[in-house]
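Residue numbers (our numbering): 6 to 169.
This report concerns only the one structure given below.
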Amino acid sequence: MENLKLYAQLCLFRNNPLELPRSVSFFQKNLYFYILIELFIQANVTDPLEAMIGVAIETVLTLLFVAGLLRYKNAMPGFIAAASSFLLCENIVASFGLPVVVWLTSTDDLLSYYLMFVLIIWDVAIITYLIKRILIVDILFSLLLASSYFLVTYLGSYLLMIII
């Protein structure tokens, strides 16, 4: 529970992901929850088989992106902490986003679109913050990399789904 409190503070732009405790068990739990919550979200907008394949691709691309950041910094021993940071923050945003996605797909209320937009901006800000703290770079470069992360992870997953 202590790890959860420490890592959750990242969503409020506190702590350094590489200085947080490393726990393979915590990483695994976040990975399982990430897969589960993403499946719920994807299954709400597409068929279950496509959702499973899409989530598998997104998960692999997310972990590869984190590994690429750490490889660039020559900090691969921090993979568990950094990957846990990305996954937990994505899990928190997705937990808020799941009811909004259900709302979006069942009604056409303008407020649901505004809420989704706010959650997307928050997610981009969190990933920007994580990259900034991991690579120790300026905010603009972090934002560029965060944008790349979303393009690679979500657009890349979509494009791979089309190919498959």
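Yeah, the Cβ is synthetic: ideal placement off N, Cα and C, and Gly gets one too.
This one's a predicted model, so the numbers in the text were calculated from it and none came from an experiment.
Can you round the beta-carbon distance between residue i and residue j to whole angstroms, since I take them to be within the 8 angstroms contact cut?
i, j, result
"PHE32", "ALA88", "6 angstroms"
"ILE136", "ASN96", "Their Cβ separation, rounded to whole angstroms, is 18 angstroms, which puts ILE136 and ASN96 out of contact at 8 angstroms."
"ARG27", "ALA72", "Rounded, the Cβ-Cβ distance is 15 angstroms, inconsistent with contact."
"ILE131", "LEU15", "7 angstroms"
Between the C-alpha atoms of residue i and residue j, what's the straight-line distance to the nearest angstrom?
i, j, result
"ILE62", "VAL50", "17 angstroms"
"LEU54", "GLY83", "33 angstroms"
"LEU103", "TYR77", "33 angstroms"
"SER152", "VAL129", "7 angstroms"
"THR133", "ILE144", "7 angstroms"
"SER117", "ILE126", "14 angstroms"
"PRO22", "ASN8", "11 angstroms"
"LEU165", "GLY59", "8 angstroms"
"LEU163", "LEU124", "In the sequence on display, residue 163 carries Tyr and not Leu. If I take the Cα positions, the gap works out to 20 angstroms."
"ILE167", "ILE40", "20 angstroms"
"ARG138", "LEU148", "12 angstroms"
"ASP114", "ALA48", "21 angstroms"
"PHE2", "LEU36", "Any answer about residue 2 is impossible in this case: the structure gives the chain only from 6 up to 169."
"VAL98", "ALA13", "11 angstroms"
"SER111", "PHE122", "17 angstroms"
"LEU109", "SER100", "15 angstroms"
"PHE38", "LEU150", "25 angstroms"
"VAL29", "ALA56", "26 angstroms"
Could you please give the first and the last residue of the uninterrupted alpha helix (DSSP H) stretch that includes residue i?
i, result
"PRO104", "84-111"
"LEU148", "144-155"
"ASP114", "ASP114 -> no alpha helix (DSSP H), and no H or E assigned at all."
"ILE168", "161-168"
"GLU24", "Taken as a continuous stretch (DSSP letters only), GLU24 belongs to no alpha helix (DSSP H), as it is neither H nor E."
"ASN20", "Run containing ASN20: none; DSSP gives neither H nor E here."
Considering only the alpha carbon of each residue, which of the options lies closest to residue i?
i, options, result
"PHE91", "ASP113, GLY59, LEU25, ASP143", "LEU25"
"TYR159", "CYS94, GLU7, LYS10, VAL65", "VAL65"
"PHE155", "ASN20, ILE169, ILE85, LEU68", "LEU68"
"LEU107", "TYR39, PHE45, CYS94", "With the sequence shown as reference, residue 107 is identified as Val, and Leu is not the correct amino acid for it. When only C-alpha atoms are compared, the closest one is PHE45."
"LYS10", "CYS94, LEU75, MET57, PHE38", "CYS94"
"LEU120", "PHE70, ARG138, VAL105, PHE146", "VAL105"
"MET6", "LYS34, SER147, MET57, LEU148", "LYS34"
"PHE146", "LEU74, ALA56, ASN20, VAL29", "LEU74"
Going along the chain, which unbroken runs of the alpha helix (DSSP H) with 4 or more residues stay wholly within the stretch 26-79?
Runs of the alpha helix (DSSP H) inside the stretch 26-79: 29-50, 53-78.
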